[in-house]
Amino acid sequence: MPRAQKRDTFVCAGVDREPPENLLFVQPWVYRWGLLFEYSITAYRVGDIDGSLGACDRLLSMPDLPDAHRRQTLTNRDFAEQWQATRSASWAPPPDWRRGPYLGDNNCSTCHA
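The number in the working numbering is simply the position in the sequence shown, starting from 1, with 48 added.
Written as C-alpha cells, this is what we have:
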C-alpha cells in the first residue's frame, strides 16, 4: 500500500467523524479541528501539497479556530504555497557541460566533436 494511501486511511478514520457519545476523556476540539490541523501538517510533510492546502483552507473557514492555530495554519499554508510555486515553476535545463562555453557556437571543431 503506498504511503499516501496509508496516511489517508488513518486520516479518514478521524477527520470529519463525530465525537464519541462518552465524552469523559474526549476533547471535542480534537474532532472539530484538531485532527484536520494535524492532517494539514502531515500532508505537507509527505508531499501532498494539494491536500495540505485544502485542509488549511477548511481550517481557516472555521470561525471557532483558536487564534494561535489560525496563525499557524496561515504559516503552514504559506509553506505549502511556496513549495507548490517552486515545484510548478518553469525552469530551463542546465547547459550541456560537455560542450563547454561553445554550446551555441558550432565553429569550435578542434576541441568539440
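The beta carbon of each residue, even a glycine, is placed where N, CA and C say it ideally should be.
Check	Outcome
Own chain partners of R106 with C-beta closer than 8 Å, once the 5 adjacent residues on each side are dropped	L84
Secondary structure of S109, DSSP reduced to three states	coil
Host alpha helix (DSSP H) of Y87 (start-end)	83–93
Run of the alpha helix (DSSP H) containing E129, from where it starts to where it stops	115–136
Own chain residues within Cβ distance below 7 Å of M110, not counting five before or after	W81
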